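J.: Protein chains in written order, with the working numbering: chain A, 1 to 256; chain B, 1001 to 1547.
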Amino acid sequence: MIQVDRLTKIFGAQTAVDNLCFSIPAGQIVGFLGPNGAGKSTTLKMLAGMLEPTSGSATLCGFDIRAQPLEVKRRIGFVPESAAVFESLTGLEYLELIAALYAIPADAARKRIEQFIAFFDLSFLTLTEKLLGAYSKGMRRKVAITSALLHNPPVVFFDEPLDGLDANAAVGFKALIQTLAHEGKTILYSSHILDVVERVCHRVLIIDKGKLLLDGKPDELVAQHDAGTLERLFTQLTGGAELEQRAAAFAKTFLP
Amino acid sequence: MSSAPIAPPVSANKALRRLFLTLFLRGRSVRGLQKSRLPSSLPKKLALTLLFYALFGGIAASTGNQPTIVTALFLHTMTLLFLAMFIAASSGEILFNREEADILLSRPISPRSLLWAKIAVLLQVALWIAFSFNLVGFFTGTLGTFGSWRFIPVHAASLLLESLFTAAAVVLLYHLCLLWFGRERLDNIMTTAQVLVIVVTIAASQAAPMATVYFAKSGGDLARSWWLVLIPPAWFAGFDDALAGSGAITSFMLAGAGVVVTAILAWAAFDNLAATYTSSLQQIVESSSSSRTRPARASGDSRRWLERAVERAPLRWYLPDPMTRRGFLLCTAYLLRDRDTKLRVYPSIAPMLIIPFFMLLNLRGGGAPTGDAFPLIFGASYLALSPTLALFTLQYSQQFQACDIFRLAPITGPGFLCAGARRAVLLLIAFPTVLIFAIAAYAIRHNPTELLLLLPGVLALPLFAILPQIGGHAIPLSRPVDAAKSTSRGLMIFGFLLISLALSGLGWLAYTFHLLLPALILEAIFVFTTTTLLARHLARSPWPETD
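Have a look at this one:
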């Protein structure tokens, strides 16, 4: 479903993504992990057609991201880290706009929106009367997730999707993506919350400084490296192993 | 669950046009607003704005009974300035919005659809403005020499052409700036362009009636000078004159230039660059993606020149207190870098800075001190009040909540911040303007003794700068932008006019009775004592209560 071949992105003198190669079959939830600045968001933006790769290639559902960007975009849903929305639209106006961009008929779009409202426990009155600028962070995230799934895409990219969601919504979201994957959707899930990734994802890709460090099933990788948990494995790989000692040393500087 | 009516299916293009018009009318960020409060306020606000343009366009009535080319030149000059002001202010936000790139770039929309939807909205609103401003002008044009009913449809067509020209020119300019200089510099360029256009518009609104009288006196002959082909409004005025006026050959040439240049610009801006529009938007995404990973930029170092300068003489003498220095640097950073602050402060003080210069232009050159030198003393007194207005405006900021950090710090009150703001405004705005005014006055009058007439205003500068801060008011960057009331600003400017009239009147009396020197000494003592006492009081004042 997703084929990435030597994908590279260079900003000035900085290589953000460095010859990244992986492939993801349909129906898989893949955790995309890495420390800040590792190149996760840049990779997702390239796959979503928001950034032009410097070199390399990628295909989604058989369409090349460079040659057929509109075909790719019709088949993906993307929830960016910013969960940006047009703040001066109401939730309903925003979702109807998104539906129009994917040529979803108005009545079908309304039905779909109502299903999402019910799922996310949103109030229809809020959606029709309140402008998005007045929504809480969590509510905006729910609208952003809805807008990514409204057109029923076969591939979905999530960049920190749980940020701002309350505990119940997060539980519901995790169940949702597992069901979506079960029904054949491919999900690339970028997050810093490693225990969630460990529980939800079939597979993880760990990158650092734009390079792929590890690719495999979370439990197998943890066992192979004798790390105990995915979190410990992650810190071992990305130079955070000595973090606890550094934190202790730094805390001592506060003592009188 | 829902009782709302189901909307008919809409095409992606139509949905995009509707989106950008809604965003334009409502603004991009309206946190906390209910939709129910929008429908009544928005059309009202829009209608009032268009009514203002229509009323302002009423001054076109003064160009009646003139040759068509003169009336049309006045109308098109003013229209172009208003359109440039609107399009320059709106284009950046509409065309190159970072958040929008996050929302729309992953959607299946072609770059052409996206760009054209935005341009359609820009043009639509530009036409509303152009037609509102020209409401009176349509009829004035029919009354002048060569005037006939044909002026109405021809002028409507030339307005359409002019709107297209302005939109294409601004879009092309911004687009090229983005491609050549990158997003960060584009922000600075756009802000500077907007401030300049606003300042030029204000200056032109003073100059255009004078120029019209000048052209009228020449019987319209000057309006056919060869150099008019270099001025875009003259092309569209030529269009009016060619088809609904004198029909002179020169007018046809001007009209031809207008049509050709507009066609080329429109093709370049709307068609040729449409293909690269996505890459321009990608640049915006790129700048946000790469900002975290890029090494420190060289410009970051260049920004620190002021920080180094305040640690050395003579700025160190001007800012002896380290806390005041910090307040000065903060306010200077906002006055020089923050787009929102620059767009609020400079256009608001522009009329105050420009009007004295126009008064100077009306002075006769050379000669001994006479009654007509009064504009010198009045101009300097009026300029001296510019820091007052600048400080009133500087108190509003989109980042007003960040000011809470000073309230949390173990500091008595906002004294240091206010002192820094006063010194920043005096150094960046008041001193240079007064200096330029003095040079201009000397260039026009060639009489160095008359420069003494500027001193009543110059001496009053520190007092005028501290007045708005009395009682815990005008703390820089401390209030939300919504709290700014434009109506009170109008009253304030009227008050400034009275104060400067009083000050310059007293100064003029002293000058007439050869008592200027003792009067200046008295003023200096009064200003020094009052300012010192007020500054000490301010330094001890606690933070005012928050709303």
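Glycine included, C-beta positions come from ideal geometry on N, C-alpha and C. Predicted model only: the values in this text are computed from it and were never measured.
1. Comparing alpha-carbon positions, which option in Leu1428/B, Leu1389/B, Leu1081/B and Ser1381/B lies nearest leucine 1459/B?
2. Three or more C-beta pairs closer than 8 Å, one from the stretch 1302-1320 of chain B and one from the stretch 1338-1346 of chain B: is that the case here?
3. For the beta strand (DSSP E) containing asparagine 19/A, name the first residue and the last one.
4. Are the C-beta atoms of valine 4/A and some chain B residue less than 7 Å apart?
5. Helix, strand or coil for aspartate 215/A? Go by DSSP, reduced to three states.
6. For leucine 1376/B, decide whether its Cβ has a neighbour in chain A, counting only Cβ atoms nearer than 7 Å.
7. Quick check on glutamate 1450/B - is its C-beta less than 7 Å from some C-beta in chain A?
8. If we count the other Cβ atoms within 10 Å of its Cβ and call it buried at 16 or more, is cysteine 21/A buried or exposed?
9. Any C-beta of chain A within less than 7 Å: which residues of the stretch 1260-1284 of chain B qualify?
10. Quick check on arginine 1026/B - is its C-beta less than 7 Å from some C-beta in chain A?
11. Looking at the unbroken alpha helix (DSSP H) that takes in tyrosine 94/A, where does it start and where does it end?
12. Less than 8 Å between C-beta atoms, sequence neighbours within five positions excluded: which residues of the same chain meet that for glycine 18/A?
13. To the nearest angstrom, report how far apart proline 80/A and alanine 1441/B are at their CA atoms.
14. Quick one, which residues of the stretch 1097-1111 of chain B are near chain A if we go by CB-CB under 9 Å, in chain order?
15. Please list the partners that leucine 1023/B has in chain A, where partner means a Cβ-to-Cβ separation under 7 Å.
16. Please go through the stretch 157-212 of chain A and give each complete beta strand (DSSP E) segment of 3 or more residues, from N-terminal end onward.
17. Taking only beta-carbon positions, decide if phenylalanine 63/A is within less than 7 Å of chain B.
18. Please tell me whether threonine 186/A and alanine 58/A are closer than 7 Å, where the distance is taken between their beta carbons.
19. Taking the alpha carbon of alanine 1535/B as the point to measure from, which residue in Cys1418/B, Pro1448/B and Ile1439/B has its own alpha carbon closest?
20. On the three-state DSSP scale, how would you describe glutamine 1194/B?
21. Could you tell me the alpha carbon to alpha carbon distance between leucine 267/A and alanine 181/A, rounded to whole angstroms?
22. Quick check on the DSSP output: the beta strand (DSSP E) that includes leucine 33/A runs from which residue to which?
23. By Cβ distance, which residues of its chain are closer than 8 Å to methionine 46/A, with the 5 residues on each side in sequence left out?
24. So for threonine 238/A, helix, strand or coil by DSSP?
25. How should phenylalanine 1540/B be labelled, buried or exposed, when 16 other C-beta atoms within 10 angstroms of its C-beta is the threshold for buried?
26. For alanine 1061/B, which residues in the same chain have their Cβ closer than 8 Å to its Cβ, ignoring the five residues on either side in sequence?
27. Using a Cβ-Cβ cut-off of 7 Å, state whether leucine 1538/B counts as contacting chain A.
28. With a threshold of 7 Å between beta-carbons, can leucine 70/A be considered close to chain B, or not?
29. Hey, is the stretch 1152-1168 of chain B in contact with the stretch 1188-1197 of chain B, meaning 3+ C-beta pairs nearer than 8 Å?
30. From the DSSP secondary-structure annotation, give me the bridge partner or partners of leucine 131/A.
31. Would you mind sorting isoleucine 1436/B into buried or exposed? The rule is 16 or more other CB atoms within 10 Å of its CB.
32. Going by Cα to Cα distance, which pick from Leu1491/B, Leu1389/B and Pro1518/B is closest to histidine 1473/B?
33. Go through its chain and collect everything with a Cβ distance to threonine 90/A's Cβ below 8 Å, but skip five positions before and after it.
34. Whole-angstrom Cβ separation of glycine 49/A and lysine 73/A, contact assumed at under 8 Å?
35. Please check if any C-beta of chain B sits within less than 7 Å of the C-beta of glutamate 52/A.
36. Going by C-alpha to C-alpha distance, which of Gly1420/B, Ile1493/B, Leu1451/B and Ser1090/B sits closest to arginine 1325/B?
T.: On the basis of the data shown:
1. Ser1381/B
2. no
3. 14-24
4. no
5. strand
6. no
7. no
8. exposed
9. Ser1279 and Gln1282
10. yes
11. 91-101
12. According to the sequence provided, residue 18/A is aspartate. The question's glycine does not apply to it. Closer than 8 Å at the Cβ level, and outside the excluded window around aspartate 18/A, lie Thr8, Gly39, Lys209, Gly210 and Lys211.
13. 58 Å
14. Arg1098, Glu1099, Glu1100, Ala1101, Asp1102, Ile1103, Leu1104, Leu1105, Ser1106, Arg1107, Pro1108, Ile1109 and Ser1110
15. Phe86 and Ser88
16. 186-190 and 203-208
17. no
18. no
19. Cys1418/B
20. helix
21. Residue 267/A lies beyond the range of chain A shown here (1 to 256); nothing can be said about it.
22. 29-33
23. Leu7, Lys9, Val17, Glu52, Pro53, Ala58 and Ile65
24. coil
25. The amino acid occupying residue 1540/B in the given sequence is arginine; phenylalanine does not appear at that position. Answer is exposed; the Cβ neighbour count stays below 16.
26. Val1136 and Thr1140
27. no
28. yes
29. no
30. Thr90/A
31. exposed
32. Leu1389/B
33. Leu127, Thr128, Glu129, Lys130, Leu131 and Leu132
34. 5 Å
35. yes
36. Gly1420/B
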